[in-house]
Structures are given as structure tokens and as C-alpha cells.
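In what follows, a single structure is set out as C-alpha cells and then discussed.
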Amino acid sequence: MIKHLIKIDGELFEIPLKVYNHLEQQKQRADELEKRWSELKERMEHDEKEAFGEGDVIAYTVHNYVLELMRDLEEDNNARSK
Numbered sequence: 001m002i003k004h005l006i007k008i009d010g011e012l013f014e015i016p017l018k019v020y021n022h023l024e025q026q027k028q029r030a031d032e033l034e035k036r037w038s039e040l041k042e043r044m045e046h047d048e049k050e051a052f053g054e055g056d057v058i059a060y061t062v063h064n065y066v067l068e069l070m071r072d073l074e075e076d077n078n079a080r081s082k
């Protein structure tokens, strides 16, 4: 069986190549989702500043609610990763 070395907290571990490949795929997927999240958040923040000058109170309220939920999710995620 082909093995691959990975370093975790300064220690080297041998894992099967199949497991390593799976971990790499998961990391790539997480990176892709993080990029999409950032793009969505940037768009929402841009729209908040630019698009609601017409006085559409309901759309503005819903938009701000969604943006606030996104910020709450980010805060929860940051708190868990510490």
C-alpha cells in the first residue's frame, strides 16, 4: 500500500495515499466554498450600499436580514475555530 507523509502539529504521520487524496479533495472543496461565500458576501454588501436607493423597504429589510444572518454564521464559525 502506498503511503503519504503529512505533518500535523509538528509531527509526521503516515497515511494511505487514498486517504490523503480524499483529504486534499475536501480541502479544495472547502477553499472553493470559502471563495464563493466571500463573493456572495461582497455582492450583498455592495448591493446594500448601491441598490436600495429607490425606497423598496421590504427588499431592503429582507436583504439586511440575510446579510446579518451571513455575518452571524461567520462569527459562529470563527468562534468554533478558535
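So the sequence shown is numbered by full-length UniProt numbering: it starts at 1 and just counts up by one.
A virtual CB, placed ideally from N, CA and C, is assigned to each residue, including glycine.
From a predicted model like this one, the values you see are computed outputs, not experimental measurements.
{"Item": "Give the range of the alpha helix (DSSP H) segment to which isoleucine 15 is assigned.", "Value": "No alpha helix (DSSP H) holds isoleucine 15; the beta strand (DSSP E) holding it covers 11-16."}
{"Item": "Is it the case that the Cβ atoms of isoleucine 2 and leucine 12 are separated by a distance below 8 angstroms?", "Value": "no"}
{"Item": "Indicate whether at least one CB of chain D lies closer than 8 angstroms to the CB of glutamate 68.", "Value": "Given the protein chain composition of this structure (a single chain), no chain D is represented."}
{"Item": "Span of the alpha helix (DSSP H) holding isoleucine 58?", "Value": "57-80"}
{"Item": "Please tell me whether aspartate 76 and histidine 63 are closer than 8 angstroms, where the distance is taken between their beta carbons.", "Value": "no"}
{"Item": "Between the alpha carbons of leucine 23 and glutamate 74, how many angstroms are there, rounded?", "Value": "23 angstroms"}
{"Item": "In angstroms, rounded to a whole number, what distance separates the CA positions of leucine 33 and aspartate 56?", "Value": "31 angstroms"}
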